[in-house]
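These notes concern the structure reproduced below.
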């Protein structure tokens, strides 16, 4: 009897592990329910490197009490942003807005603007993805009654094109990506296994001077960065060449997108560029391209922006987490104070 229970238990566990690794939906659902540890609990850069000195357990930020002014017209704040403003880091309790809506750059949403509110849109992007986000017209938010009219008049795809799209969707469902990564995370992301991963990473770094390919270690070994933002060969890097033609194109897209959204009913559109960690703490690692400065301080930019680059440069190393590419509590609090000043 005991043998049978063990046999079926092992079978059930094996089936569950296979399903959650194979299905991104099951994986994303099972994680928050506590079936396996949070992959990012010690920092996203630690997760890539497993260097023990950069193990940086996530801490909750106390934050300051927010009081909302009921004497003014209510504000509905919309943010189109990335991981810096995702719900785990920024929520409505931190903002003076009466209503708050967040949308990630990877998604789109149809919204109806309520004229009883003062509607503000913040276009937030970390520096490493600014070229992607501002390389073409921004249309993630589609305004019902404005954008949807144009969408309805758009030409219908041919049956061949629709069949091709459906085939692509089916193949993506049938053969999902990152199966091995999800399975590895589920099996070997417990604290017990992390000690072995740390020992291996420390040995490779100290003996062979090697770290995982996804990260870059500063020469003094005091700072860790994403490869995407610190390796000059990557287009997302702070050190990748940047010419005036591309800057002017991004500014044109920002101006045009802001004008579009204001025509659609937004009362205010604001730009928020957040520096790469390396741009602030170790810009000497390469030939810094000054992307943020060239956009924000251009005479051609017609959109108001949240100034954070100069503030972060004053005391840059205080504003970023050691084992993570994101800001710490002080950095987030400073940025939120500027957002709330706009709302106020």
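Numbering (my numbering), first residue to last: -3 to 340.
For glycine and all other residues, C-beta sits at the position ideal for the given N, C-alpha and C.
This structure is a prediction, so every number in the text was calculated from the model and none was measured.
Roughly how many angstroms lie between the CA atoms of residue i and residue j, to the nearest whole one?
i, j, result
"residue 190", "residue 184", "7 Å"
"residue 75", "residue 158", "32 Å"
"residue 302", "residue 336", "11 Å"
"residue 236", "residue 230", "6 Å"
"residue 275", "residue 100", "23 Å"
"residue 279", "residue 266", "26 Å"
"residue 120", "residue 136", "13 Å"
"residue 241", "residue 88", "38 Å"
"residue 10", "residue 4", "10 Å"
"residue 263", "residue 122", "24 Å"
"residue 124", "residue 228", "12 Å"
"residue 78", "residue 86", "11 Å"
"residue 163", "residue 177", "25 Å"
"residue 69", "residue 95", "12 Å"
"residue 112", "residue 127", "35 Å"
"residue 309", "residue 277", "8 Å"
"residue 174", "residue 205", "28 Å"
"residue 117", "residue 64", "18 Å"
"residue 285", "residue 300", "22 Å"
"residue 2", "residue 12", "15 Å"
"residue 15", "residue 257", "42 Å"
"residue 247", "residue 334", "22 Å"
"residue 80", "residue 255", "25 Å"
"residue 84", "residue 62", "18 Å"
"residue 105", "residue 91", "22 Å"
"residue 271", "residue 292", "12 Å"
"residue 294", "residue 198", "44 Å"
"residue 313", "residue 179", "35 Å"
"residue 327", "residue 315", "4 Å"
"residue 273", "residue 281", "12 Å"
"residue 82", "residue 188", "30 Å"
"residue 209", "residue 0", "45 Å"
With residue i as the anchor, note down where its beta strand (DSSP E) starts and where it stops.
i, result
"residue 120", "114 to 122"
"residue 100", "95 to 100"
"residue 267", "264 to 270"
"residue 221", "220 to 222"
"residue 72", "71 to 77"
Identify every residue that forms a DSSP beta bridge with residue i.
i, result
"residue 315", "None, per the DSSP bridge assignment."
"residue 129", "None, per the DSSP bridge assignment."
"residue 323", "316"
"residue 106", "138"
"residue 207", "Note: residue 207 sits in no beta bridge, so no partner."
"residue 212", "221"
"residue 301", "267"
Less than 7 Å between C-beta atoms, sequence neighbours within five positions excluded: which residues of the same chain meet that for residue i?
i, result
"residue 260", "139, 142 and 143"
"residue 307", "330"
"residue 211", "41, 44, 45, 220, 221, 222 and 223"
"residue 48", "194 and 198"
Ordered along the chain, which non-local residues of its own chain (more than five positions away) have a Cβ less than 8 Å from that of residue i?
i, result
"residue 193", "46 and 184"
"residue 55", "325"
"residue 249", "130, 131, 132, 133 and 134"
"residue 181", "32 and 35"
Taking the Cβ atom as the reference point for each residue, do residue i and residue j lie within a distance shorter than 7 Å?
i, j, result
"residue 186", "residue 33", "yes"
"residue 238", "residue 269", "no"
"residue 298", "residue 244", "no"
"residue 109", "residue 115", "yes"
"residue 225", "residue 214", "no"
"residue 318", "residue 52", "yes"
"residue 134", "residue 321", "no"
"residue 73", "residue 93", "yes"
"residue 339", "residue 71", "yes"
Looking at the unbroken alpha helix (DSSP H) that takes in residue i, where does it start and where does it end?
i, result
"residue 39", "Taken as a continuous stretch (DSSP letters only), residue 39 belongs to no alpha helix (DSSP H), as it is neither H nor E."
"residue 58", "Run containing residue 58: none; DSSP gives neither H nor E here."
"residue 64", "Note, residue 64: premise wrong, no alpha helix (DSSP H); not H, not E."
"residue 253", "240 to 259"
"residue 276", "273 to 277"
"residue 286", "Element bounds for residue 286: n/a, residue is neither H nor E."
"residue 86", "No alpha helix (DSSP H) contains residue 86, which DSSP labels as neither H nor E."
"residue 174", "Element bounds for residue 174: n/a, residue is neither H nor E."
Who are the Cβ neighbours of residue i in its own chain at under 6 Å, not counting the five residues just before and after it?
i, result
"residue 290", "243"
"residue 304", "331"
"residue 207", "45, 201 and 213"
"residue 283", "235"
"residue 107", "137"
"residue -3", "none"
Let me see if you follow: with CB-CB separation under 7 Å, is residue i close to chain C or not?
i, result
"residue 85", "The chain inventory of the structure shown lacks chain C, comprising one protein chain alone."
Less than 6 Å separating the Cβ of residue i from some heavy atom of the ligand SAM?
i, result
"residue 25", "Inclusion of the ligand SAM in the displayed structure is not the case, the ligand content being empty and no account of it being possible."
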